[in-house]
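Trainee:
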Amino acid sequence: MIRFRTATPADREALYRTWAECFDAPHVVPLYESDPGRYGRTFVAAGDDGIHAVVYYVPRRIRNASGGTDLVGGVADVATRPDARGRGHVRRLLGMAVDDMAAAGCAWSLLFTGTPGVYAGSGWSVFELTHPAGVLARPGAADPLTRVRPATTAEWPLLAALYERHNANRPLTTVRGPDDWKVRVPVWYGPPVELTVAERGGEAVGYLAARWHPGSVEILETAGEQAALFRTVTAEAARRGVTHGSARLPADEPASAALPLLLSRVEQVVDATGMVRPILGDPAPVVGSPAAVHWPADYF
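The sequence shown runs 1 to 300 under full-length UniProt numbering.
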């Protein structure tokens, strides 16, 4: 008999076995364990032989399109054991999660997935973000007044100050606290991701997170002044023989102005992995804003 309930600490090993059986995602356990209220927001279909399915959500403060923030339920780590699929377990667990989000005051829910059909029947809908990609620009002359150096996530107070200024009114960005910088950001932006900081007059003026692939580079996040950082990327790309790049940049004026320093031929790539569901509010103005961006370090 299957019982639908919230998880308890006694389910820890069964949860981890279910996730390990369903996907190879090394970020799952460290992020889950960083959430002190995780078990009360983890919903399971449990049988005598263990956990058959699981849905988890984490509440996050996300900036809206009006200059404020919304409490948002971020759905993550959804899994069903292969031998238990097709029985409606996830849909029932999603319903439990939505009820809990409403009781907690969540305005809406957000998730990212490659299988949108799993969630569409429970009220989530796909939204699209675009970001530029294309042929990298030729390296330009370095700014003699700006120094670009390697950085690490251990320098999080410096990075956090730049992040807050850059994203203070940017829809869909997450309000990060110290624990996010100490745990979540290193999970996503630790090696092999490379962090660089731009400094002028001894003061940090911008940072960039990049992941290098054979033949291409992916800009995962940037904040502050971008010109010197983009020039450094193109110079390093020339050294490595990399010719193509992409950048998670919003379609706003500052990003557009700096983009020619990074890319010489640009196409807009559509990312349709995001889904939202209204709960107590409407997410449409947030995800529909041209300035909206969701940085990878804030994935759930």
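Backbone N, C-alpha and C fix where the C-beta goes; we use that ideal spot for every residue, glycine too. Only a predicted model underlies this, so the values are computations on that prediction, with no experimental measurement involved.
#1: Counting beta carbon pairs with one atom in the region 200-210 and one in the region 229-247, are three or more of them shorter than 8 angstroms?
#2: So, are the CB atoms of Ala-7 and Thr-42 less than 7 angstroms apart?
#3: Taking a contact to mean a Cβ-Cβ separation below 7 angstroms, would you say Gly-105 touches Leu-71 in this structure?
#4: Specify the secondary structure class of Tyr-32 as computed by DSSP and reduced to three states.
#5: Can you tell me where the alpha helix (DSSP H) with Pro-186 in it begins and where it stops?
#6: Confirm, please, whether the CB-CB distance from Thr-174 to Ile-62 is below 7 angstroms.
#7: Given this structure, state the Cα-to-Cα distance separating Pro-144 from Phe-230, to the nearest angstrom.
#8: Give the secondary structure of Gly-86 by DSSP, where H, G and I count as helix, E and B as strand, and everything else as coil.
#9: Does His-27 come out as helix, strand or coil in the three-state DSSP assignment?
#10: Can you tell which of Val-287, Pro-254, Ser-264 has the C-alpha that lies nearest to the C-alpha of Leu-136?
#11: With distances taken from CA atoms, which of Pro-157, Val-44, Gly-73, Leu-259 is nearest Pro-139?
#12: Please go through the same chain and pick out, in chain order, the residues whose beta-carbon is closer than 7 angstroms to the beta-carbon of Pro-116, but skip the five residues on each side of it.
#13: Rounded to a whole number of angstroms, what is the C-alpha to C-alpha distance between Arg-147 and Leu-261?
#14: Rounded to the nearest angstrom, what separates Val-266 and Glu-155 at their Cα positions?
Mentor: Quick answer:
#1: Because the criterion of three Cβ pairs below 8 angstroms is met, the region 229-247 and the region 200-210 touch.
#2: Residue numbering aside, residue 7 sits at position 7 when the sequence shown is read from its first letter. Residue numbering aside, residue 42 sits at position 42 when the sequence shown is read from its first letter. A contact, by the Cβ cut-off of 7 angstroms.
#3: By one-based count along the sequence shown, residue 105 stands at place 105. By one-based count along the sequence shown, residue 71 stands at place 71. Yes, the Cβ-Cβ distance between Gly-105 and Leu-71 is below 7 angstroms.
#4: Position 32 of the sequence shown, counted from the start, is the residue given in the question as residue 32. In the structure shown, Tyr-32 sits in a helix (DSSP, three-state: H, G or I).
#5: Sequence index remark: in the sequence shown, residue 186 carries index 186 (1-based). Here the alpha helix (DSSP H) through Pro-186 covers 185-189.
#6: Within the sequence shown, the letter at position 62 stands for residue 62. Within the sequence shown, the letter at position 174 stands for residue 174. Inclusion of Ile-62 and Thr-174 in the CB contact set at 7 angstroms is warranted, their separation being smaller than that value.
#7: Counting from 1 along the sequence shown, the entry for residue 144 is found at position 144. Counting from 1 along the sequence shown, the entry for residue 230 is found at position 230. Taking the straight line joining both Cα atoms gives about 15 angstroms.
#8: Locating residue 86 in the sequence shown gives position 86, counting from the first residue. Correct three-state label for Gly-86: coil.
#9: Within the sequence shown, the letter at position 27 stands for residue 27. Of the three classes helix, strand and coil, the one that applies to His-27 here is coil, per DSSP.
#10: Stepping through the sequence shown from its first residue, residue 136 is reached at position 136. Checked all of Val-287, Pro-254, Ser-264; the closest Cα to Leu-136 is Ser-264.
#11: Taking the first residue of the sequence shown as position 1, residue 139 is located at position 139. That would be Leu-259, whose Cα lies nearest to the Cα of Pro-139.
#12: Your numbering for residue 116 matches position 116 in the sequence shown. Correct list, in chain order: Val-126, Met-275.
#13: The residue given as residue 147 occupies position 147 in the sequence shown. The residue given as residue 261 occupies position 261 in the sequence shown. For Arg-147 and Leu-261, the distance between alpha carbons rounds to 17 angstroms.
#14: The residue given as residue 266 occupies position 266 in the sequence shown. The residue given as residue 155 occupies position 155 in the sequence shown. Distance between the alpha carbons of Val-266 and Glu-155: 32 angstroms.
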